[in-house]
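One structure is given here, and the rest of the page talks about it.
What follows is the structure, encoded as structure tokens:
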């Protein structure tokens with residue numbers, strides 16, 4: 460944040476609130492968001508600055524202030540014993556990533572990059588990539604990193620290893636790698652990662668429960684290369700579907716049963732639920748962010764992360780007061796209540812928070828409580844297929860059917876819920 464703001468300019472303190480309001484009211488214009496705030500702010504009743512003034516004030520503020528705010532308030536929030544948040548003494552977290560569209564300006568395209576078609580021509584908007592370490596039981600962001608579309612999720616995930624100490628971290632098959640493995644285990648975290656069929660595929664030792672020890676090696680190196688790591692491999696399938704291969708550093712088959720770990724992998728989808736809250740409900744479905752400059756786009760993303768974390772903190776607090784699972788509190792309804800309450804909270808936010816939470820708690824059983832969550836069942840289909848005229852659309856080539864090893868665990872779908 461730059462010092463020396465001239466008298467009469469929009470203050471940095473106000474701009475922090477305004478930037479958060481832009482994320483909370485993501486589908487409203489600058490003018491509409493300003494109108495939502497100025498009625499409660501002394502000295503701004505008669506006039507609303509124009510869009511250019513707000514943009515210059517956002518540029519003076521920079522993205523670092525919102526990132527620092529996220530790092531100050533972010534973190535795990537599940538109380539001891541909350542279902543879906545702990546397993547055998549370890550807090551459960553998931554690492555995954557998502558992308559957000561930003562305006563197609565030259566600066567954004569050069570800084571963030573974006574998708575291309577088969578001819579390497581630009582396709583769609585430039586995109587910001589966000590990777591988070593998410594608490595599975597509450598959807599709270601423990602840590603997050605922001606990068607460009609062409610930056611790898613794994614590289615951003617490695618940067619968060621220090622925030623995962625003492626946790627069991629679940630990741631999808633795009634993440635396994637020796638560098639990531641060493642970073643997380645070296646930081647005191649434990650891992651449960653899905654892997655491709657070629658990773659650690661040769662058993663070194665078969666364990667009593669059917670899992671086995673294998674070697675994950677550096678790219679291009681033999682399994683015997685000293686730079687690799689020894690992993691425990693668990694393979695399972697559900698109702699005769701494809702074989703799923705998991706890697707973990709939890710070697711004790713008695714203390715950490717393979718069947719329980721296989722069922723636990725399902726908790727990874729809680730990160731996807733958190734992303735849906737940000738992308739679909741909070742930002743708005745398929746909506747492009749506001750900022751045409753990379754620094755402002757990063758500032759906007761950090762503001763979204765702060766608002767999302769605060770909304771989930773409200774949910775966890777209300778659920779704790781009612782002694783129900785946070786999953787039963789509707790994120791959409793809390794978001795709507797917060798939006799409606801911002802106008803009346805702006806004058807005296809500190810004294811109003813208690814009455815606001817009390818109001819939410821009174822409405823839990825009647826309105827906010829969405830009841831037991833349904834089992835997640837969804838066909839694996841492409842909901843937004845490429846145009847049939849796009850050169851990037853290619854006929855899928857199916858290789859030979861993979862032989863199913865005899866030691867693959869078969870899970871009943873009931874075990875996954």
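Numbering (our numbering), first residue to last: 460 to 876. Even glycine gets a Cβ: it sits at the ideal position worked out from N, Cα and C.
Secondary structure of residue 475, DSSP reduced to three states: helix
9 Å Cβ cutoff met for residue 691 and residue 655: no
Buried versus exposed, by CB contacts within 10 Å (16 or more), residue 694: buried
Coarse secondary structure for residue 510, derived from DSSP in three states: helix
Close Cβ partners of residue 784 (< 7 Å) along its chain, the five nearest in sequence each way excluded: 542, 778
Close beta carbons around residue 766, own chain, < 8 Å, minus the five adjacent residues each side: 479, 482, 483, 741
Any 3 or more C-beta pairs closer than 8 Å across the stretch 588 to 599 and the stretch 523 to 541: yes
As assigned by DSSP and simplified to three states, the class of residue 469: coil
Range of the contiguous beta strand (DSSP E) that encloses residue 586: 586 to 594
Residue 841 versus residue 510 - alpha carbon distance: Any answer about residue 841 is weak, because its pLDDT of 41 lies below 50 and its placement is not dependable; what the coordinates show is given next. One C-alpha to the other measures close to 39 Å.
DSSP-derived helix/strand/coil call for residue 555: strand
Cβ-Cβ separation, residue 588 to residue 610 (assumed contact under 8 Å), whole Å: 6 Å
One or two residues paired with residue 597 in a DSSP bridge: Paired residues: none, contrary to the question.
Rounded straight-line distance, which links the Cα of residue 699 to that of residue 797: 45 Å
Where residue 655 sits in the DSSP three-state scheme: coil
Unbroken alpha helix (DSSP H) run spanning residue 643, endpoints: 637 to 645
N-terminal and C-terminal residue of the alpha helix (DSSP H) that residue 734 is part of: 728 to 735
Expected contact under 8 Å - CB spacing of residue 687 and residue 637 to nearest Å: 6 Å
Where residue 854 falls: helix, strand or coil (DSSP): Caution is warranted here: a pLDDT of 42 is assigned to residue 854, below 50, making its placement in the model unreliable, and the coordinate value is therefore given only provisionally. Residue 854 falls in the coil class under three-state DSSP.
Exposure of residue 493, with buried meaning 16 or more beta-carbon neighbours within 10 Å: buried
Where the alpha helix (DSSP H) containing residue 747 begins and where it ends: Counting along the chain, residue 747 falls outside any alpha helix (DSSP H), and DSSP gives it neither H nor E.
N-terminal and C-terminal residue of the alpha helix (DSSP H) that residue 523 is part of: 523 to 532
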